[in-house]
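In the numbering used here, the protein residues as written are 18 to 237.
The C-beta atom is built at its ideal place from N, Cα and C for all residues, glycine as well.
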């Protein structure tokens, strides 16, 4: 009642390969993060493609006016990074996957700081969740939310009307990690595969070549 009319009003749509979203069963939707607006816009996309999005998002997002109310209404799972609550959020996510939910996961953990707005190096939570649960990871790239609401700004740029572009990729192949213990090196490799899949979809969506090495804000 709120998200769909708001999304339809604010942006035009260019949605591609929504048929790649599984219509049932637990699944991890791994997406890039550009703006505080993209959880709302991606939720509309996923809902129109047959899935109710359960968002795994940092707790600060829940305090943003209007957007915070929206993610609470969508049954989002709050994450407090660097605390015991972060592990708790993964346990809750695993249970939601068992219940057949679609978890919308931002592996970067925050909006990208890459100067060209490409996906950064990801954190390992999505990979851990995928390897421990066996759930498919569907990479989703989007572009345009940052034009509507640039990161750090609170006032949307409504005119001219922006276009929100989304492209869904095939499931990320994580089969080579099957049976391997979830050590740090395994999780980093699996995370790199997930981020590479998201970046490949974004490169096609933007019609540009992505950087060979993802930006790492930690300087690793």
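If I'm right that residue i touches residue j with Cβ under 8 angstroms, what's the distance once you round it to whole angstroms?
i           : j           : result
residue 219 : residue 191 : Rounded, the Cβ-Cβ distance is 20 angstroms, inconsistent with contact.
residue 315 : residue 27  : A question about residue 315 goes unanswered here, because the residues of the chain that appear run from 18 up to 237.
residue 103 : residue 97  : 6 angstroms
residue 81  : residue 53  : 6 angstroms
residue 142 : residue 107 : 6 angstroms
Given a cut-off of 7 angstroms on the beta-carbon distance, is the pair residue i and residue j in contact?
i           : j           : result
residue 66  : residue 38  : yes
residue 173 : residue 166 : yes
residue 231 : residue 87  : no
residue 144 : residue 207 : yes
residue 76  : residue 56  : no
residue 41  : residue 73  : no
In whole angstroms, what is the alpha-carbon distance linking residue i and residue j?
i           : j           : result
residue 6   : residue 223 : Because the chain spans 18 through 237 in this model, residue 6 falls outside it and cannot be assessed.
residue 123 : residue 85  : 16 angstroms
residue 197 : residue 60  : 33 angstroms
residue 183 : residue 46  : 13 angstroms
residue 226 : residue 212 : 15 angstroms
residue 171 : residue 126 : 20 angstroms
residue 243 : residue 200 : The structure shown does not extend to residue 243, since the chain is modelled only from 18 through 237, so no value can be given for it.
Starting from the C-beta of residue i, find all residues in its chain whose C-beta is less than 8 angstroms away, skip the five residues before and the five after it, and write them out in chain order.
i           : result
residue 134 : 51 and 163
residue 114 : 43, 44, 45, 120, 146, 150 and 152
Could you name the residues of the same chain whose beta carbon sits closer than 6 angstroms to that of residue i, not counting the 5 residues immediately before and after it, in chain order?
i           : result
residue 153 : 44 and 188
By DSSP's criteria, residue i is part of a beta bridge. Which residues make up the other side?
i           : result
residue 155 : 46
residue 95  : 74
Below 7 angstroms CB to CB, which residues in the same chain sit around residue i once its five sequence neighbours on both sides are set aside?
i           : result
residue 234 : 130 and 137
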